[in-house]
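There are 4 protein chains.
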Amino acid sequence: MDWTHTIRVRYAECDRMGFVHHSIYALYFEEARTEILRHRGITYKDMEDDGLIMPVRSMNIQFKKAAKYDDLLRVSVAVVGEVNVRMDFHYTILNQNDELLCTADMEMFFVNKETMRPTRLPEKYKIHMT
Amino acid sequence: MDWTHTIRVRYAECDRMGFVHHSIYALYFEEARTEILRHRGITYKDMEDDGLIMPVRSMNIQFKKAAKYDDLLRVSVAVVGEVNVRMDFHYTILNQNDELLCTADMEMFFVNKETMRPTRLPEKYKIHMT
Amino acid sequence: MDWTHTIRVRYAECDRMGFVHHSIYALYFEEARTEILRHRGITYKDMEDDGLIMPVRSMNIQFKKAAKYDDLLRVSVAVVGEVNVRMDFHYTILNQNDELLCTADMEMFFVNKETMRPTRLPEKYKIHMT
Amino acid sequence: MDWTHTIRVRYAECDRMGFVHHSIYALYFEEARTEILRHRGITYKDMEDDGLIMPVRSMNIQFKKAAKYDDLLRVSVAVVGEVNVRMDFHYTILNQNDELLCTADMEMFFVNKETMRPTRLPEKYKIHMT
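Here it is, written out as structure tokens:
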């Protein structure tokens, strides 16, 4: 499955260079990831209220070209490989001129909020995510 | 009681104008507020772990002059009036040239995290805060 | 003129209490303000590229009820009074259940980026803003 | 050269899980990077005012253990390899219990702000950075 989500760059997200600060891209990935789940019939909020959280194990971003204030970004997210205890995502961001701004890979994993231990994704969620 | 805390402006906190974005001042106030409590012998973390949270009821900031990247700010915080269900703070921020950058007033109140209802500040904390 | 803009609360915008942090509301107001201008035929980006910036003179927020993760907020923005050297805004935020979360007032003013001095809003922009 | 900088985790930097949000670590790295340069006799602010900027080419973070609210972090930064057009950094973050929270690698490069083209680090800065 993959999904593209549109995000308008906020003023406060840009730095003195006029570029989106590199810390902000993680917020864009998160918003896109949330929306792909919603599109698949579940919400991350419901999962978390149900006791399942998804910490990030690693995040690797390759910046190609700067995003700028007021840019209209298309953030694409794809699930990579099997979903089990881990769930891996690949992202790309294009701007309104179809320029590739960055690509990223992120490893996340499922944790039971009570025990705080890694856990397999329950079957009821799995059908939505694969 | 009052207290002054020193904060260095981060790059990502500045916008395209080169100024600290107005949303960021609330973070500076919070850091100063946390440190005045620590100085008085308690931590906000312990309070919250103990079931007491402090939402903000109102925040009013008067901006006089822009803070800039790499500025070394002195954030002063004073507790205003009686501390009971409410706790009111007044802040001022000066830069390294003793220029007044902003003043602010903030009303906070105590809430029991279990009941989510407003509550008086317990006596054990009161001696640290007044 | 007034305008309502819809914003989905991001995960990273919420704090340990599960509430949108009070610093974040300024970002929501800014996004709504940007969109009302776009709707009126101009962009803040063009204004700034044209040498006109809009610092904030004061911001006063009254928090009524907490916004939470994944809430779908309706941020309304209205221009208050005459637009000249100053431009004043009033904001209200409702959640998806029509609950009033906060109201806010903000004074901004126009500054010439070259001289860094306050200036009247040029006529070419005024027709879009009043 | 390497350098360790101490940072107290802010309340607003933590999410609903009570952990520092993964987007925030880039801010910690930046603060540590800024301080290592200051310690070496230059400031990033002066460099930028002098027309030299340092965009990020890639950022790769491995998260080992969550940082939490009020943690006192020690952020170590080391310059890796030769400094020329590129400058590569390696970071590690420990908490107050000496637990390793994350490691990260970042590639940055020097850009002339006028031409917006990559450039070698001028000699006058090089003596401070190597």
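Chains as they are written, first to last, in this note's numbering: chain A, 18 to 147; chain B, 18 to 147; chain C, 18 to 147; chain D, 18 to 147. Ideal placement from N, C-alpha and C gives every residue a C-beta, glycine not left out. Keep in mind the model is a prediction, meaning the values are calculated, not measured.
Using beta carbons (cut-off 8 angstroms, strictly below), is residue i in contact with chain A?
i                : result
Pro87 (chain B)  : Here the sequence assigns Asp to residue 87 (chain B), which means Pro is not the residue at that position. Cβ-Cβ to chain A under 8 angstroms: no for Asp87 (chain B).
Leu69 (chain C)  : no
Thr120 (chain C) : no
His145 (chain D) : no
Asp66 (chain B)  : no
Lys62 (chain C)  : yes
Ser93 (chain D)  : no
Does residue i come out as helix, strand or coil in the three-state DSSP assignment?
i                : result
Arg50 (chain C)  : helix
Leu138 (chain B) : coil
Met104 (chain C) : strand
Asp63 (chain C)  : helix
Glu124 (chain B) : strand
Ala43 (chain C)  : helix
His145 (chain C) : helix
Ala95 (chain A)  : strand
Arg74 (chain C)  : strand
Arg55 (chain D)  : helix
Going straight from the alpha carbon of residue i to that of residue j, what length do you get?
i                : j                : result
Phe36 (chain B)  : Arg103 (chain D) : 28 angstroms
Met34 (chain C)  : Lys130 (chain B) : 9 angstroms
Asp66 (chain B)  : Glu47 (chain A)  : 28 angstroms
Ile41 (chain C)  : Met146 (chain B) : 27 angstroms
Tyr61 (chain A)  : Asp105 (chain D) : 35 angstroms
Ile24 (chain D)  : His107 (chain A) : 31 angstroms
Met125 (chain B) : Val73 (chain B)  : 4 angstroms
His10 (chain B)  : Asp32 (chain B)  : The requested residue 10 (chain B) does not occur in the structure, where chain B is confined to residues 18 to 147.
Phe30 (chain C)  : Glu140 (chain C) : According to the sequence shown, residue 30 (chain C) is Glu rather than Phe. Distance between the alpha carbons of Glu30 (chain C) and Glu140 (chain C) is about 38 angstroms.
Leu118 (chain C) : Thr132 (chain A) : 34 angstroms
Ile110 (chain D) : Glu99 (chain B)  : 41 angstroms
Ala121 (chain D) : Val92 (chain C)  : 38 angstroms
Leu138 (chain D) : Phe127 (chain D) : 6 angstroms
Leu44 (chain C)  : Asp19 (chain A)  : 29 angstroms
Asp63 (chain A)  : Tyr142 (chain A) : 10 angstroms
Val26 (chain D)  : Asn101 (chain D) : 33 angstroms
Ala116 (chain A) : Thr136 (chain D) : Here the sequence assigns Glu to residue 116 (chain A), which means Ala is not the residue at that position. Whole-angstrom Cα-Cα distance: 23 angstroms.
Asp88 (chain C)  : Asp88 (chain D)  : 29 angstroms
Please identify the residue among the options whose C-alpha is closest to the C-alpha of residue i.
i                : options                                  : result
Tyr86 (chain A)  : A:Leu118, A:Leu44, A:Tyr28 and A:His38   : A:Tyr28
Val96 (chain D)  : D:Met123, D:Asp115, D:Val73 and D:Leu111 : D:Met123
Met71 (chain B)  : B:Leu90, B:Ala83, B:Thr51 and B:Ile144   : B:Thr51
Asn114 (chain D) : D:Met64, D:Leu90 and D:Val128            : D:Leu90
Ala84 (chain D)  : D:Asn112, D:Pro139 and D:Val100          : D:Asn112
Ser75 (chain B)  : C:Val128, C:Trp20 and C:His38            : C:His38
Arg134 (chain A) : A:Val26, A:Met64 and A:Leu69             : A:Leu69
Ile144 (chain A) : A:Ile59, A:Ala43 and A:Asp88             : A:Ile59
Ala17 (chain C)  : C:Val94, C:Glu116 and C:Asn101           : Nothing about residue 17 (chain C) can be reported from this structure: the residues present for chain C run from 18 to 147 only.
Give a yes or no on whether 8 angstroms exceeds the smallest Cβ distance from residue i to chain C.
i                : result
Ala29 (chain D)  : yes
Gly35 (chain D)  : yes
Phe127 (chain B) : no
His22 (chain B)  : no
Flag residue i as yes if its beta-carbon sits less than 8 angstroms from any beta-carbon of chain B, otherwise no.
i                : result
Glu47 (chain D)  : yes
Lys130 (chain D) : no
Gly58 (chain A)  : no
Val73 (chain C)  : yes
Thr51 (chain D)  : yes
Leu44 (chain D)  : yes
Ala83 (chain C)  : yes
Hey, does residue i have any beta-carbon neighbour from chain D nearer than 8 angstroms?
i                : result
Asn77 (chain A)  : yes
Phe106 (chain A) : no
Asp32 (chain C)  : yes
Does the region 64-82 of chain D come into contact with the region 54-65 of chain B, if we say contact requires no fewer than three beta-carbon pairs (one atom in each stretch) closer than 8 angstroms? Touching, no.
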